[in-house]
Amino acid sequence: MTDTVAQGSAVAKAAPDTMAWDSGLRRLMMIYLPLGCFVLILLFPFYWMAITSFKPNAELMNYKENNPFWISSPTLAHIKHLLFNTAYPHWLKTTMLVAIGSTTLSLIASTLAAYAIERLRFRGSPYVGLGIYLAYLVPPSILFIPLATVVVQFGLFDSPIALILVYPTFLVPFCTWLLIGYFKSIPYELEECALVDGATRLQILRRITLPLAVPGLISAGIFSFTLSWNEFIYALAFIQSGANKTVPVAILTELVTGDVYQWGALMAGSLLGSLPVAIFYSLFVDYYVSSLTGAVKE
Amino acid sequence: MSVTTLSTHSVVARQPNWLVRLFDYKPFLIAMCLAPALGLLAVFLTYPLGLGIWLAFTDTTIGRRGIFVGLENFQYLLTDPLWWNAVFYSVFYTAVATFGKFALGFWLALLLNNHFPFKSVLRAIVLLPWIVPTVLSALAFWWIYDPQFSIISYLLVDVLHWRSSNIDFLGSPWPARFSLIAANIWRGIPFVAISLLAGLQTISPSLYEAAMLDGASAWQRFRYITFPMMMPILAIVMTFSIIFTFTDFQLVYAITRGGPVNSTHLLATLAFQRGIAGGELGEGAAIAVSMIPFLVFATLFSYFGLARRKWQQGEAND
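Protein sequences appear in the order of chains A and B. FYI, in the working numbering the residues of the first sequence are -13 to 284. FYI, in the working numbering the residues of the second sequence are 136 to 453.
As structure tokens, this is what we get:
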């Protein structure tokens, strides 16, 4: 509430020179201090994850003699254990395969669907759009039990292909809505010109609309990739054998063994499993933010 | 689906005249464009949704086709204290976590709406908890909540000397419930904050100027401009948040698996335990189906939020 003061004054651009010292202090207390707390709390688990993965076991279990917030003798033992004594590289490969496969499939399906709904305008196209939007509201927690039987019926149980085919159920609605928004922003006149010049609809889609919608496609693509990388419940329910598991499932079910938890290895696994999406994210931050906010506003 | 890709390919390859004309025939083109998306959704979403409702009325187990048993599963659930416990915790978890996420997320959005250096960097950092796989950050929370080596206990006991013994976060029901809610709030703040920030940025500054000229206080400006203008987007974001918090699975499964003594089971984790781990598909499906009324309620909430939005937009934009 007090933040609106600062916001209001910043918006009104009330002569910045008159800002007294105490309003600077006030700004510090009202904006920077809470922001600092937020960032600290939001980032701490990652810091803790990272620092745990490089700590030797002796330090992990002894807070009296070591400062737990720092490492005195960093070690790569946990990561080495992960890479050479477990199937971790294989899990990474499976996850990557599933994420890329389902992203490609949903991008193709949702580009075509969004184009048909937004540009080919037929009777009932708003209802198809609404139907796809409603599909987004059906959570995986309701679907995983019947989907497990469907997957068994198709003979795809324990196969990554099942995941590639199932993930589009939550990716397609999201991507379609995102792309409908992007197609809307492309002037229709461009397509009309091409139509007049005798281009077919598919040529228009390929040569005119798609090149202009590249930012939208990138947003949808990276979002789908992240969502499929992070998916958990389907991967847990449909994959049985250790080798075919995706990273999030494998860490939880294969690395958590017995009563003594290997916290170092667990955190190293979590860190490595988070890195691909984190790197991806850092490369495409703006796309993430715009697709997140765009999809909500749509 | 494979049919579409095949025929598209052949158009490019051979360009026979009748195929080109067929693809320029609008109804056919529309059908072809919608087929992959609607096909996928029909086979892997609509059909399982119906199948799930059917399974809820049968006594199917893994490896055995069930027969129709009517409302037996639901009657059993109504007498099952574990189900009631899961309903209670699902509602409690959703209510407290949603309140926390929106209070803190709205605050963070208002903070981020100020002008300060490195704003975009900060906005990127803030979204990080939402990007990272939930299970993996849940594992970090599990480690933070460790009974012996919890860093929070260390801070409170050895650094600040506020307590004399470690906190047993996950060992007894209520602390475990609140620990899970805290982890859920932590994960949900970024999504709420960034979505609401987008909404805040669309509010025209001239409204605040006019209000200031009329002598409105900061609280009044928030109450009568920011809040009503944010209502539509709040309603949508809140619907999403409620739906996905209510049906949450990952956090609870990763941190407590429903324990201690089944006190932290959500409906989704209970459905998994009975349906997949226990093999009682019919009963698991019935638990999953029992979530639907709550979700319908949340969706109607969104619908009225949207309706209000149309009214606010006026006729200028469509």
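For each residue, glycine too, the CB sits at the ideal point set by N, CA and C.
Extent of the continuous alpha helix (DSSP H) to which residue i belongs
i, result
"Thr162(A)", "154 to 170"
"Lys254(B)", "254 to 261"
"Leu291(B)", "Taken as a continuous stretch (DSSP letters only), Leu291(B) belongs to no alpha helix (DSSP H), as it is neither H nor E."
"Met426(B)", "Taken as a continuous stretch (DSSP letters only), Met426(B) belongs to no alpha helix (DSSP H), as it is neither H nor E."
"Ala180(A)", "174 to 182"
"Ala370(B)", "362 to 381"
"Met82(A)", "74 to 104"
"Asp51(A)", "Residue identity differs from the one stated: residue 51(A) is Glu in this sequence, not Asp. Counting along the chain, Glu51(A) falls outside any alpha helix (DSSP H), and DSSP gives it neither H nor E."
"Glu344(B)", "340 to 348"
"Tyr18(A)", "No alpha helix (DSSP H) holds Tyr18(A); DSSP gives it neither H nor E."
"Pro126(A)", "126 to 139"
"Phe209(A)", "200 to 216"
"Thr233(B)", "216 to 247"
"Ile194(A)", "No alpha helix (DSSP H) contains Ile194(A), which DSSP labels as neither H nor E."
"Ala121(A)", "111 to 122"
"Pro308(B)", "308 to 336"
"Pro162(B)", "161 to 176"
"Ala273(B)", "269 to 279"
"Thr64(A)", "In the sequence as presented, Thr is not what sits at residue 64(A); that position holds His. Start and end: 63 to 71."
Between the CA atoms of residue j and residue i - distance to the nearest angstrom
i, j, result
"Ala121(A)", "Gly174(B)", "13 Å"
"Lys50(A)", "Leu291(B)", "14 Å"
"Leu212(B)", "Phe223(B)", "13 Å"
"Tyr359(B)", "Val327(B)", "21 Å"
"Leu416(B)", "Val226(B)", "24 Å"
"Ile377(B)", "Ala191(B)", "24 Å"
"Phe224(A)", "Ala134(A)", "6 Å"
"Pro31(A)", "Ala275(B)", "6 Å"
"Ile86(A)", "Met366(B)", "37 Å"
"Ser341(B)", "Gly334(B)", "16 Å"
"Leu245(B)", "Gly235(B)", "15 Å"
"Gln336(B)", "Ser255(B)", "14 Å"
"Thr155(A)", "Leu239(B)", "31 Å"
"Phe24(A)", "Lys79(A)", "35 Å"
"Trp242(B)", "Arg258(B)", "14 Å"
"Pro428(B)", "Phe209(B)", "14 Å"
"Ala221(A)", "Phe384(B)", "13 Å"
"Ala154(B)", "Gly115(A)", "Checking the displayed sequence, the identity of residue 154(B) turns out to be Leu instead of Ala. So the two alpha carbons sit approximately 28 Å from each other."
"Val84(A)", "Tyr228(B)", "32 Å"
"Ser339(B)", "Ser9(A)", "24 Å"
"Arg312(B)", "Leu331(B)", "27 Å"
"Pro112(A)", "Ile166(A)", "11 Å"
"Ala(-4)(A)", "Leu14(A)", "Confidence at Ala(-4)(A) is low in this model, with a pLDDT of 44, below 50, so its placement is unreliable and the value that follows should be read with caution. Straight-line Cα distance between these residues: approximately 15 Å."
"Pro325(B)", "Asp349(B)", "35 Å"
"Leu257(A)", "Trp249(A)", "12 Å"
"Ser307(B)", "Ala221(B)", "16 Å"
"Ala420(B)", "Leu213(A)", "25 Å"
"Ile316(B)", "Tyr280(B)", "13 Å"
"Thr81(A)", "Ala351(B)", "55 Å"
"Val124(A)", "Met47(A)", "44 Å"
"Arg298(B)", "Tyr18(A)", "30 Å"
"Glu344(B)", "Ala433(B)", "36 Å"
"Thr97(A)", "Pro162(B)", "17 Å"
"Pro395(B)", "Gln226(A)", "26 Å"
"Pro132(A)", "Thr404(B)", "15 Å"
"Leu374(B)", "Asn230(A)", "For clarity, residue 374(B) is Thr in the given sequence; the question names Leu instead. Those two C-alpha atoms are separated by around 35 Å."
Sheet register partners of residue i (DSSP bridge)
i, result
"Thr126(B)", "Because chain B in this structure spans residues 136 to 453, residue 126(B) falls outside the shown range and cannot be described."
Integer Cβ distance of residue i from residue j, believed to fall under 8 Å
i, j, result
"Ile165(B)", "Phe169(A)", "In fact, because the Cβ distance is near 15 Å, the residues do not count as touching under 8 Å."
"Arg322(B)", "Thr269(B)", "6 Å"
"Ile422(B)", "Ala406(B)", "4 Å"
"Phe211(A)", "Val235(A)", "About 17 Å separates the two Cβ atoms, so there is no contact after all."
"Pro319(B)", "Leu271(B)", "It is Asn, not Pro, that sits at residue 319(B) in the sequence shown. Actually they are not in contact, since the Cβ atoms of Asn319(B) and Leu271(B) sit about 15 Å apart, beyond 8 Å."
"Val152(A)", "Phe179(B)", "5 Å"
"Tyr289(B)", "Pro54(A)", "6 Å"
If we count Cβ pairs, one from each stretch, closer than 8 Å, do we get three or more for the segment 393 to 400 of chain B versus the segment 130 to 149 of chain A? no
Quick check: the segment 78 to 97 of chain A against the segment 380 to 390 of chain B, are at least 3 beta-carbon pairs closer than 8 Å? Contact check between the segment 380 to 390 of chain B and the segment 78 to 97 of chain A: fewer than three CB pairs, one atom from each, fall below 8 Å, which does not count as touching.
Touch test, the segment 73 to 82 of chain A against the segment 157 to 166 of chain A, Cβ-Cβ under 8 Å, three pairs minimum: The segment 73 to 82 of chain A, when compared against the segment 157 to 166 of chain A, does not touch it at the 8 Å Cβ threshold.
Would you say the segment 37 to 47 of chain A touches the segment 12 to 29 of chain A, given that touching needs at least three Cβ pairs under 8 Å? Judged by Cβ distances under 8 Å, the segment 37 to 47 of chain A makes no contact with the segment 12 to 29 of chain A, as fewer than three pairs qualify.
Please determine if the segment 173 to 187 of chain B and the segment 125 to 133 of chain A are in contact, where contact requires at least 3 C-beta pairs separated by less than 8 Å. Verdict: yes, contact present.
With three or more C-beta pairs closer than 8 Å as the rule, is the segment 191 to 200 of chain B touching the segment 170 to 180 of chain A? no
State whether the segment 264 to 280 of chain A contacts the segment 258 to 267 of chain B, with contact taken as three or more CB pairs (one from each stretch) at a distance under 8 Å. yes
Three or more C-beta pairs under 8 Å: does that hold for the segment 252 to 261 of chain A against the segment 58 to 70 of chain A? yes
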